[in-house]
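Following: one structure in structure tokens, then a few remarks.
There are 2 protein chains.
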Amino acid sequence: MTGVSQATVSLVLNGRAEDSVKLSAETRERVLRAIAETGYVADPIARRLAARHNRILGVFTYEPVFPSANSDFYHPFLVGIEQQAEQLGCDLLLLTSAPVVDGQRRIFHQDNRLRLADGSILLGRSLDRSDLARLLAEEVPFVSIGRRDDAGGPVPSVGADYPAAVAVLVRRAVELGHERLAYLGQGAGPESWADRMRGFRTAVAGAGVTGVHYPTREPSGTPAEATEPGPDLAAALDAALAAGVTAVLAEEHADGVALHELARSRGVRLSIATLGEPTRAAPATETEFTSLRIPRQAMGAQAVEVLMAVIEGTPGPRQRLLPCEVVPGTTLIERGI
Amino acid sequence: MTGVSQATVSLVLNGRAEDSVKLSAETRERVLRAIAETGYVADPIARRLAARHNRILGVFTYEPVFPSANSDFYHPFLVGIEQQAEQLGCDLLLLTSAPVVDGQRRIFHQDNRLRLADGSILLGRSLDRSDLARLLAEEVPFVSIGRRDDAGGPVPSVGADYPAAVAVLVRRAVELGHERLAYLGQGAGPESWADRMRGFRTAVAGAGVTGVHYPTREPSGTPAEATEPGPDLAAALDAALAAGVTAVLAEEHADGVALHELARSRGVRLSIATLGEPTRAAPATETEFTSLRIPRQAMGAQAVEVLMAVIEGTPGPRQRLLPCEVVPGTTLIERGI
DNA sequence: TCAAGGGGCTAATACGAATTAGTTCAGGAG
DNA sequence: CTCCTGAACTAATTCGTATTAGCCCCTTGA
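In order, the protein sequence lines correspond to chains A and B. Heads up: the first sequence at position 97 corresponds to 497 in the working numbering, and the numbers run straight through without jumps. Heads up: the second sequence at position 105 corresponds to 505 in the working numbering, and the numbers run straight through without jumps.
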């Protein structure tokens, strides 16, 4: 169209006409006009093959985004990611096609597409350790949303500061007169659970009160179905009451809601706070729970920032912890008589 | 390592040793062993460069996905799209980097990236006509979510069957004794509004009842703020009552809610049905409105199907209309005395 | 002995851009 | 008139894979 070579177009496209290489303003205009008319876009694939970047950020969700309870939980992260990506002029590639093995998506498989993007954001409660290690080893640029333990090296991540937030709740409980607190949940496994537990242990020790742990089982069946209190919840309630526990911190929102309902139906006075937002469907309730608000949107946005730093090799911290907001709610109350 | 050529490795990797090309079992073994030892994986980028298509589907949202009211409305579409994309082994490219001009994103601009993908899905209440025409003219594979009028040719789309759904509501109203119905809304402009109006007109004519139209203004300010009934709503209510109207169909959910509230506060008995789901924030309410449930998730999924057909040139219809579910609700009631 | 016909594999090329080493040309200095 | 220099481009190469034409060699049949 313009009678110039492919090389020239490439130079114009990348604004390289300024520095090392010289192009006349007129030629550049001509090329730009042609580009505008045809709507030509450089093929990102070829671009990435040749230049090793394409301003596309991958988003890999470990757990399938369905059912909708999950979806609602992840949505705010995506909003934050999108917002920041837009700001930086990057597009997002949702890596949806990862095959699901044993109910979990695996990153590495036959046709791994992570490399299509300049870098990727990993989203999901539990990321496979070996996958993480391999990503680090192969120096694939990525950032995890949610703190991760070392996997043969520090894992770039943007997480919520659960220990600090849980500590606030514990202190608040202590101020309200509680002396025997319980942690309801697994307290281990995914880092987000382990972090909560760690915050709990440290805080109760620091406050000089008693902290006990009532483990829950992983809900069976699909998350959407697991809304009824399992037998372990009832057992936990009994044990807690017998042990003189007056306040319970529930790792999972749904468990907290179920326990609250259970206590109410038995006419028992029990303070409850939940350590997060619903990740699986919770029974509808009017009660506003004392809980933590995870800054999901901000986490998404910052994940993009960190990812860009990783990609571009900008110096700076690769791990960020964001404070959670404590939602006062009405379920953490003064200790009864 | 094995002393074979790159071509041979490629053949082994793709299992092409079976058909057209022949490779000795021994060579294949040798290559496979080397692959296993080194953990070699074909670079997906190069792979796609050679394959000429990338199994990437673009998703272009016209209106910015923010604020959250908008976001919530679009989310189900995205869920459906993702679901189907996953099924087909495609990844999704969110075209987030499109600049916003006059509050609307434009498809065509200096750095248009639509062509990055094999094809794209367009999402938004109003798509620019000239953009559509250009897409058609340039044979860019795309599908619109939401029916579109011809733009120099039929526009591939997956929409909701508003005329049929509105007709059902009109018939239901007539069965309940209503003889003077009103349509509240613009009834023109975006196809989805025009379609509702068309369904209304046809249905009232068919039922032999009276149908009047009370237009609303486009809400001013950001959608999120426009929750209070504008002066035109009050005027519409007065006019409707004076004209003996007993049932109102509201184009926009938020208007229906506001009108309902207004009528209630005046102690007036008025049947109301809304013709869709909230696209802008509606005041919180306990009332379950008689309304339409737009099959958003299904629309998203089918849009992907149609898009694939367009891309691959598979024969078949390029325009689909999906039925809406009528939500009974409690606001369309028997005509008063 | 030679042509024909495979089997087995590789050289060469395409994919679409980025990059670099030149090439061409005009103008100025000597 | 020659040499040099810088401006303005372009030819050629690269990235890593898929694909295909074709090469080589061994058999087989005449």
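Yeah, the Cβ is synthetic: ideal placement off N, Cα and C, and Gly gets one too.
Excluding five sequence positions before and after A643 (chain A), the CB atoms of its chain that fall closer than 7 Å to its own CB belong to R580, V612, given in chain order.
For V555 (chain B), the closest alpha carbon among the candidates B:I545, B:E652, B:C490, B:T610 is that of B:I545. By the rule that beta-carbons nearer than 8 Å mark a contact, P631 (chain B) does not touch chain A.
Taking 3 residues as the shortest admissible run, the segment 546–578 of chain A contains the following complete beta strand (DSSP E) segments, listed from N- to C-terminal end: 557–560. In this model, I711 (chain B) and E686 (chain B) are separated by some 45 Å (Cα to Cα). The way I'd put it, the segment 671–682 of chain B does touch the segment 649–658 of chain B; three or more beta-carbon pairs between them come closer than 8 Å.
Interface residue (Cβ-Cβ distance to chain B less than 8 Å): H613 (chain A) is not classified as such. Here the alpha carbons of Y440 (chain B) and D595 (chain B) stand approximately 56 Å from one another.
Counting along the chain, S592 (chain A) sits inside the alpha helix (DSSP H) bounded by residues 591–607. I711 (chain B) has no beta-bridge partner at all, per DSSP. The closest CA to that of V604 (chain B), considering only B:A647, B:R452, B:D632, B:S420, is found on B:A647.
Against chain A, the CB of P695 (chain B) has no partner CB under 8 Å away; the residue lies outside that interface. Against chain A, the beta carbon of I733 (chain B) has no neighbour under 9 Å; the closest one sits roughly 26 Å away.
The three-state secondary structure of E437 (chain B), taken from DSSP, is helix. L495 (chain A) and H475 (chain A) have their C-alpha atoms roughly 15 Å apart. When A:G606, A:A634, A:A517, A:R666 are compared, the shortest CA-CA separation from D443 (chain B) is found for A:A517. In summary, S691 (chain B) is buried, with 16 or more beta-carbon neighbours lying within 10 Å of its beta-carbon over all protein chains present. Rounded to the nearest angstrom, the gap between the Cα atoms of T616 (chain B) and T602 (chain B) is 21 Å.
Interface flag for D518 (chain A) against chain B is unset, since no Cβ pair is found closer than 8 Å. Among the residues of the segment 528–547 of chain B, those with a Cβ less than 9 Å away from any Cβ of chain A are R534, E538, V540, in the order of the chain.
In this structure, the alpha-carbon of G589 (chain B) lies about 10 Å from that of R525 (chain B). R696 (chain B) is positioned such that its CB atom lies no closer than 8 Å to that of C724 (chain B).
Taking CB atoms only, P444 (chain A) has a neighbour in chain B less than 8 Å away. Of the residues A:L493, A:D561, A:R506, the one whose Cα lies closest to the Cα of G519 (chain A) is A:L493. Straight-line measurement puts the Cα of R529 (chain A) at about 6 Å from the Cα of A551 (chain A).
In the displayed model, I456 (chain B) falls within a strand according to three-state DSSP. Counted as a single uninterrupted DSSP element, the stretch harbouring A582 (chain B) is not any alpha helix (DSSP H) but the beta strand (DSSP E) occupying residues 580–584. Not flagged as an interface residue toward chain A: E437 (chain B), since no C-beta distance is shorter than 8 Å. A buried status is given to H660 (chain B), since no fewer than 16 other beta-carbon atoms sit within 10 Å of its beta-carbon. For V441 (chain B), the chain A residues whose C-beta falls within less than 7 Å of its own C-beta are N512, listed in chain order. Relative to V727 (chain A), the option among A:V568, A:V431, A:I521 whose CA is nearest is A:V568.
For F477 (chain A), same chain residues with a beta-carbon under 7 Å away, outside a window of 5 residues either side, are L523, I545, R696, M699, G700 in chain order.
Residues of chain B whose Cβ lies closer than 8 Å to the Cβ of T496 (chain A) are, in chain order, E482, A485, E486, C490, D491, L492. G480 (chain A) and V570 (chain A) have their alpha carbons spaced roughly 30 Å apart. Following the DSSP letters along the chain, one finds S520 (chain B) inside the beta strand (DSSP E) bounded by residues 519–523. DSSP, read as helix, strand or coil, puts V648 (chain B) in strand.
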